Amino acid sequence: MDTISSNSFANRMFASVVGIFLLLAIMFLVFQYQRETDYKVDILHNRLQVVNYQVEGVWPDTLVTLPEKDMRITVIGKDGAVLYDNERPVGEMANHRDRREVSQALERGQGYDIQRNSESLPGKYFYSATYFPERGIVVRSALPYSAQLYKDLTIDKSFIFFVIGITIVLCIVLFQIARRLSVSERQRVEGEKQQLKRQLTQNAAHELKTPTASISAYLETLLSDEKMSDEQRRHFLERSYAQCCRMTNILSDMSALARMDAVQQVSAPVRIRVRELLDSVLDDVRPALDEAAMTIRLNVGDTVVMGDHSLVYSIFRNLIENSIAYAGTGCNINVYAGKISDETVELFVSDNGVGVPSHHLSHLCERFYRIDKGRSRRLGGTGLGLAIVKNAVLLHGGEIELLTTPPTGLTVRFTLPTA
């Protein structure tokens with residue numbers, strides 16, 4: 013699972029970086045292509061502008077020799093009427109006031125149209141017009157689209173191939189970097205996984221060592237002392253049984269955490285009425301509540317959550333048992349629902365007990381973490397209750413936070429998906 017996650021992370025990172033780079037490369041290509049196109053058009057436009065000034069210099073006479081073969085020269089009044097054309101009789105030509113190059117010239121002094129079919133002659137032309145306000149005329153020169161003109165306007169595509177080549181090279185480099193990062197990340201994850209396994213194994217061995225040693229000592233005493241009274245014998249057997257129950261609880265909690273570690277999310281969530289579930293929890297913990305002289309108040313209304321029933325049950329039971337065990341005799345426990353959104357409900361389990369020093373809060377949900385190890389073992393705690401709560405909440409896609417209840421006490425805030 014960790015290897016797959018590591019590879020998935022590297023693949024996502026590679027895809028993101030390459031996607032951004034390709035987007036930038038395409039934007040650059042489009043910009044450069046447009047820039048080169050504008051540059052070619054400007055060269056041709058400026059070349060024809062020179063012709064327009066030459067024509068204006070001799071008008072109303074005409075140029076004896078045209079600078080370009082098949083060049084068309086038109087002189088237009090500022091009202092759009094054609095005054096002269098070297099290809100067609102003036103009387104046969106329509107008003108040119110709305111021609112793009114002519115309207116641009118009248119507004120800006122110059123104008124052009126890159127490619128347009130002539131309305132009086134066959135074929136497409138490149139038009140360039142210049143307005144001479146002191147004479148009230150527009151001089152327009154035009155070149156038909158020949159092989160030479162297409163060549164003049166064709167941009168140099170070498171930069172496109174250069175950018176594509178650079179893009180391919182960089183993609184290969186990025187792929188190699190991503191692969192190395194994937195290997196590095198996989199090694200890091202494996203290292204953390206092995207370290208966590210060693211830590212859990214050591215913690216589990218340490219936690220099981222105490223009850224095992226106690227059971228061994230009790231049984232050894234029972235076997236070696238044949239003159240032991242029935243009352244003492246019963247006492248040692250009861251203590252051995254209690255330690256066996258403690259070992260069973262530790263193994264049960266470890267098994268629950270292992271099952272949660274093996275899945276990614278709740279597979280088949282059901283509707284759970286929080287009040288009904290809490291009533292069931294209270295039925296099971298009532299003897300412990302009465303023994304600790306504790307009062308519990310429920311304020312959850314008709315809150316309904318979606319989740320795995322046994323996991324949500326374990327969340328509330330572990331939190332309430334934690335308060336019973338560590339808050340102190342005669343304290344109050346409050347369970348209440350807070351803000352509800354369209355997707356989640358906020359729930360709280362708090363007590364007004366002895367509280368927890370602030371520097372311990374961030375570690376309380378770690379496996380086998382204890383504030384007072386001796387006291388926790390005497391009370392029969394496994395050190396896994398809050399770890400189970402955290403994992404169960406996260407498995408439901410929720411959040412969990414441990415807070416100090418002013419002036420003392422502990423509050424556990426968590427969210428669950430709502431129905």
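Numbering (my numbering), first residue to last: 13 to 431. The C-beta atom is built at its ideal place from N, Cα and C for all residues, glycine as well. Computed from a prediction, not measured in an experiment: that's the story for all the values here.
For I85, the uninterrupted beta strand (DSSP E) segment begins and ends at R84 to G89. Judged by pairs of C-beta atoms under 8 Å, the region 398-406 touches the region 318-331, as three or more such pairs exist. Minimum Cα-Cα distance from R147 among the listed residues Y65, Q160 and E202 corresponds to Y65. Where V150 is concerned, there is no enclosing alpha helix (DSSP H), although the beta strand (DSSP E) around it starts and stops at I149 to P156. For P299, the enclosing alpha helix (DSSP H) has its first and last residue at V286 to E303.
Classified as buried, D320 has 16 or more neighbouring CB atoms from the shown chains inside 10 Å of its CB. If you ignore the 5 residues before and after Y381, its C-beta comes within less than 6 Å of the C-beta of H375, all in its own chain and listed in chain order. Rounded to the nearest whole angstrom, the C-alpha separation of L290 and R192 is 51 Å. With contacts defined by Cβ atoms closer than 8 Å, G92 and V67 do not form a contacting pair. P419 sits in coil when the DSSP states are folded into three classes, being neither helix nor strand. The three-state reading of DSSP puts T307 in strand, counting E and B together. In this chain, the alpha helix (DSSP H) harbouring F328 covers H321 to Y338. Residue burial annotation: Q255 is buried, with at least 16 other C-beta atoms found within 10 angstroms of its C-beta. In chain order, L331, V347 and V424 place their CB closer than 6 Å to the CB of V361, counting only its own chain and leaving out the 5 sequence neighbours on each side.
The C-beta distance from N98 to I85 rounds to 5 Å, short enough to fall under 8 Å. One alpha carbon belongs to R251, the other to Y230, and they sit about 8 Å apart.
Straight through space, the alpha carbons of K239 and V366 are spaced by roughly 45 Å. Assignment of beta-bridge partners to P429 by DSSP yields T356. With 16 or more other CB atoms across the displayed protein chains lying within 10 angstroms of its CB, C343 is buried. Burial check for F328: the Cβ neighbour count within 10 Å reaches 16 or more, so the residue is buried. In the three-state reduction of the DSSP assignment, F380 falls in the coil class. For A274, there are no CB contacts under 7 Å within the same chain when 5 residues up- and downstream are skipped. For V94, no alpha helix (DSSP H) segment is defined; the enclosing uninterrupted segment is the beta strand (DSSP E) at V94 to D97. Separation of the CB atoms of R379 and L396 is rounded to 6 Å, and the pair is thereby assigned contact status at 8 Å. For the options D50, Y143 and L422, the alpha carbon positioned closest to that of Y338 is the one of L422. The beta carbon of H108 sits closer than 7 Å to the beta carbons of I88, G92, V94 and V114 from its chain, once the five residues preceding and following it are set aside; these are given in chain order. Its chain contains I400 as the residues whose beta carbon lies nearer than 6 Å to that of A268, once the 5 sequence neighbours on both sides are disregarded; these appear in chain order. A27 sits in a helix when the DSSP states are folded into three classes. Per the C-alpha coordinates, the member of A431, E303, H371 and D363 positioned closest to D354 is A431. By the beta-carbon neighbour count (other beta carbons within 10 angstroms, threshold 16), R152 is buried. Around the beta carbon of L428, 16 or more other beta carbons sit within 10 angstroms, so the residue counts as buried.
If you draw a straight line from the Cα of S241 to the Cα of H247, it comes to about 10 Å. Under the three-state reduction of DSSP, S362 is assigned to strand.
Under DSSP, L414 takes part in a beta bridge, and its partners are V424. Taken atom to atom, the span from the alpha-carbon of L56 to that of V181 is near 36 Å. Y45 is the residue among I308, E288, Y45 and L301 whose C-alpha sits nearest the C-alpha of F174.
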